[in-house]
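S.K.: Quick one: structure below, then a few questions.
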Amino acid sequence: NAGVTQTPKFQVLKTGQSMTLQCAQDMNHEYMSWYRQDPGMGLRLIHYSVGAGITDQGEVPNGYNVSRSTTEDFPLRLLSAAPSQTSVYFCASSSSYNSPLHFGNGTRLTVT
Amino acid sequence: AQRVTQPEKLLSVFKGAPVELKCNYSYSGSPELFWYVQYSRQRLQLLLRHISRESIKGFTADLNKGETSFHLKKPFAQEEDSAMYYCARYNFNKFYFGSGTKLNVKP
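Sequences listed follow chains A and H, in order.
Residue 83 in my numbering is what sits at position 83 of the first sequence, and the numbering runs on without skipping anything.
Residue 151 in my numbering is what sits at position 39 of the second sequence, and the numbering runs on without skipping anything.
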């Protein structure tokens, strides 16, 4: 099992550009989530999904969209990147809502 | 608002010394609490969760509802314990993380 796979590992965007961060898991986990990690602020939940076709907002959802068309994939879309979205992004999944999270390796995003 | 507070950004101890990483949470019912660890160049991973009541790599954490704390302890720190530690709380489909404590164990 590959676990949780995130692509790309690094990305540089210009303000206003759009992009999608990919996240895939091969553990048949129902719960998937996206976090951003900023210095001194820990991890903050952006969006989450409790199953295919179901998504909801986390603590910091503004500027991000998600969809969950399959159990395996949970992409995060930035429609119009802003410098404030410069961060490290982590995707995580778990077998049920309160089970321990399995994390991806992260995507380091820089918006100039 | 759900809050998880880790008051120390950096904790430095010598090898063999006891270590305690502090975590406090805002009170709300019965909390489900976790400690996650990120070693250098590795992905975040679960260290332990309070309902398991187990010891992982010599670490333990006791839930104190009166003090709303879930401090992580180890009696004798090892150099390989150097890492970033995050306390997290689960509540209604969401995980809330503290800001993290970097543990540096000196030889």
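Cβ atoms here follow ideal geometry from the backbone N, Cα and C, with glycine treated the same way.
Is the distance from the Cβ of H/L175 to the Cβ of H/Y197 below 8 Å?
M.R.: On the second sequence, residue 175 of chain H is found 63 positions in, with the first residue counted as 1. On the second sequence, residue 197 of chain H is found 85 positions in, with the first residue counted as 1. No, they are not a contact pair.
S.K.: Give me the Cα-Cα distance between A/G51 and A/S95, rounded to the nearest whole angstrom.
M.R.: Against the first sequence, residue 51 of chain A aligns to sequence position 51. Against the first sequence, residue 95 of chain A aligns to sequence position 95. When rounded, the distance between both Cα atoms is 10 Å.
S.K.: Step through the CB atoms of chain H and report whether any lies within less than 8 Å of the CB of A/L101.
M.R.: Here the question's residue 101 of chain A lines up with position 101 in the first sequence. Yes, A/L101 lies at the interface with chain H (some Cβ there is under 8 Å from its Cβ).
S.K.: What residue range is occupied by the uninterrupted beta strand (DSSP E) comprising H/V131?
M.R.: Mapped onto the second sequence, residue 131 of chain H falls at position 19. Residues V131 to L133.
S.K.: Mind reading off the beta-carbon distance from A/T86 to A/V111? Whole number of angstroms is fine, and I expect it under 8 Å.
M.R.: Translated into the one-based positions of the first sequence, residue 86 of chain A becomes position 86. Translated into the one-based positions of the first sequence, residue 111 of chain A becomes position 111. About 5 Å separates the two Cβ atoms, so the contact holds.
S.K.: If you check the beta carbons only, do A/Y97 and A/Y35 fall under 8 Å apart?
M.R.: Your numbering for residue 97 of chain A matches position 97 in the first sequence. Your numbering for residue 35 of chain A matches position 35 in the first sequence. For A/Y97 and A/Y35, no; Cβs fall outside 8 Å.
S.K.: Can you tell which of H/P130, H/G141 and H/E120 has the C-alpha that lies nearest to the C-alpha of H/G286?
M.R.: Lying outside 113 to 219, the shown extent of chain H, residue 286 of chain H is not represented and no answer is given.
S.K.: Can you tell me whether A/P9 is buried or exposed? The criterion is at least 16 other CB atoms within 10 Å of its CB, across all chains shown.
M.R.: The residue you call residue 9 of chain A lines up with position 9 of the first sequence. Residue 9 of chain A is actually Lys in this sequence, not Pro. It is exposed - the Cβ of A/K9 has fewer than 16 other Cβ atoms within 10 Å.
S.K.: To the nearest angstrom, how far is the alpha carbon of A/L76 from that of A/T55?
M.R.: Taking the first sequence and counting its residues from 1, one reaches residue 76 of chain A at position 76. Taking the first sequence and counting its residues from 1, one reaches residue 55 of chain A at position 55. The alpha-carbon atoms of A/L76 and A/T55 are separated by roughly 11 Å.
S.K.: Under a CB-based cut-off of 8 Å, is H/K169 close to chain A?
M.R.: For this step, residue 169 of chain H is matched to residue 57 along the second sequence. Chain A, which has no Cβ nearer than 8 Å to the Cβ of H/K169, makes this no.
S.K.: Using the beta-carbon count (16 or more within 10 Å), is H/T213 buried or exposed?
M.R.: Here residue 213 of chain H is taken as the residue at index 101 of the second sequence, counted from 1. That one is buried.
S.K.: Going by DSSP, what residues sit across from H/A173 in a beta bridge?
M.R.: Translated into the one-based positions of the second sequence, residue 173 of chain H becomes position 61. H/A173 pairs with H/L184.
S.K.: List the residues that DSSP assigns as beta-bridge partners of H/K218.
M.R.: The count along the second sequence starts at 1 and reaches residue 218 of chain H at position 106. Partner(s): H/F126.
S.K.: Could you tell me which residues DSSP pairs with A/V12 in its beta bridges?
M.R.: Residue 12 of chain A sits at position 12 when you count from the first residue of the first sequence. Paired residue(s): A/T110.
S.K.: Which residue comes first and which comes last in the beta strand (DSSP E) that contains A/L21?
M.R.: Here residue 21 of chain A corresponds to residue number 21 of the first sequence, with the count starting at 1. Run containing A/L21: M19 to Q25, per the beta strand (DSSP E) assignment.
S.K.: Rounding to the nearest angstrom, what Cα-Cα distance links H/I163 and H/K134 in this structure?
M.R.: As a first step, residue 163 of chain H must be located in the second sequence, where it is residue number 51. As a first step, residue 134 of chain H must be located in the second sequence, where it is residue number 22. Cα to Cα, the separation comes out at about 18 Å.
S.K.: Any beta carbon of chain A sitting closer than 8 Å to that of H/Y72?
M.R.: Only positions 113 to 219 of chain H appear in the structure, and residue 72 of chain H is not among them; the question remains open.
S.K.: Considering only DSSP beta bridges, list what H/S142 is partnered with.
M.R.: Here residue 142 of chain H corresponds to residue number 30 of the second sequence, with the count starting at 1. DSSP output for H/S142 lists no bridge partner at all.
S.K.: Can you grab the Cα-Cα spacing for the pair A/S33 / A/L45, in whole Å?
M.R.: Locating residue 33 of chain A in the first sequence gives position 33, where the first residue counts as 1. Locating residue 45 of chain A in the first sequence gives position 45, where the first residue counts as 1. Rounded to whole angstroms, A/S33 to A/L45 spans 7 Å at the Cα level.
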